[in-house]
Structure formats: C-alpha cells, structure tokens
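So the sequence shown is numbered by the UniProt record's numbering: it starts at 1 and just counts up by one. Even for Gly, the Cβ is constructed at its ideal location relative to N, Cα and C. Please read these numbers as outputs of a predicted model, since none were measured by experiment. Down below is the structure, laid out as structure tokens.
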Amino acid sequence: MVSSAPKALGQVAEAVRIPEAGHLRCSAAEIGRFVAMLRNPSSILKACSAFALLQFTIPGGRHTLHHTSLLRNAGAPRVLRAAAAAATAPVEAKVFAKILLRNLEHHHLEALN
Numbered sequence: 001m002v003s004s005a006p007k008a009l010g011q012v013a014e015a016v017r018i019p020e021a022g023h024l025r026c027s028a029a030e031i032g033r034f035v036a037m038l039r040n041p042s043s044i045l046k047a048c049s050a051f052a053l054l055q056f057t058i059p060g061g062r063h064t065l066h067h068t069s070l071l072r073n074a075g076a077p078r079v080l081r082a083a084a085a086a087a088t089a090p091v092e093a094k095v096f097a098k099i100l101l102r103n104l105e106h107h108h109l110e111a112l113n
C-alpha cells in the first residue's frame, strides 16, 4: 500500500504558498529567531513560525538553498522533528513541520547531486 501522506503534504504546501516570499532573503539571526519560536510553549508562535519557515523552503524560491543551509546550521531538523511529533502542538504546526522536514530533505539531496 502506498501512503497518500506525501501527496497531501504537497497539496497543503501549494495551498499555503505565498509566491512573493520566495524573493525574501533572511539572515542567520532571523532564521534563528523563527527556530527559537518553534521551541516556545505558545501554540500560536509555533504555528506562525512553522508557517513562515515553510515559505522560505518551498522549492523554486530564489533564496531557498540559502534558507535551507541556515535552517540546518540553526539545528532546525531536530526542533522540527520534535514539533511534528509533539502531542500538544497544534495540527497546523505539526503539518508545517512535516512539510519543512520534507523540503529540507529534498534540498539536501538536491545539493548532493
């Protein structure tokens, strides 16, 4: 049986995509603040930061690889795995975290080729 989860995550990512966000270029400090927000106990901050970070990693953005590198350097994969698995995290934060992890993996593999 083939899981429909990757397809569903792709559909969510496309539905929430803000095309203009692909033109933004964040600094390491800005990305670090978003990653820190993922650790915050506030469910609203977690969901907002995951949504913002998602915008910076959607394939095709002008600075996507730059943001992906900054996220890796900030330790985001570990924080995102925790956010995606957290029982108390809002559904939105979990879904956005899963999409972010997928995007980071995609860009990592792309960089290796």
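| request: Tell me whether R25 sits in a helix, a strand or coil according to DSSP, three-state version. | output: Residue numbering aside, residue 25 sits at position 25 when the sequence shown is read from its first letter. In this structure, R25 counts as coil in the three-state DSSP scheme.
| message | Could you check whether L38 and S49 sit closer than 8 Å to each other, using their CB atoms as the reference points? | response | Position 49 of the sequence shown, counting from 1, holds the residue named residue 49. Position 38 of the sequence shown, counting from 1, holds the residue named residue 38. With respect to L38, S49 sits close: the two C-beta atoms are nearer than 8 Å.
| query | Terminal residues of the continuous alpha helix (DSSP H) containing P77? | reply | As a working mapping, residue 77 is identified with position 77 in the sequence shown. It spans 76 to 85 - the alpha helix (DSSP H) in which P77 sits, taken as one unbroken run.
| Rounded to the nearest angstrom, how far is the Cβ of A76 from that of V16, given a contact under 8 Å? | Numbered from its first residue, the sequence shown carries residue 76 at position 76. Numbered from its first residue, the sequence shown carries residue 16 at position 16. In fact, because the Cβ distance is near 18 Å, the residues do not count as touching under 8 Å.
| Do you know how far the Cα of N73 is from the Cα of S27? | Counted from its first residue, the sequence shown places residue 27 at position 27. Counted from its first residue, the sequence shown places residue 73 at position 73. Looking at the two C-alpha atoms, the distance is approximately 12 Å.
| Can you give the beta carbon distance from A89 to S43, rounded, assuming they're within the 8 Å contact cut? | One-based indexing of the sequence shown puts residue 89 at position 89. One-based indexing of the sequence shown puts residue 43 at position 43. Indeed, because the Cβ distance is near 7 Å, the residues count as touching under 8 Å.
| Nonlocal neighbours in the same chain, by C-beta distance under 6 Å from H63, ignoring five residues either side | Working through the sequence shown from its first residue, we reach residue 63 at position 63. Here the set comprises R25.
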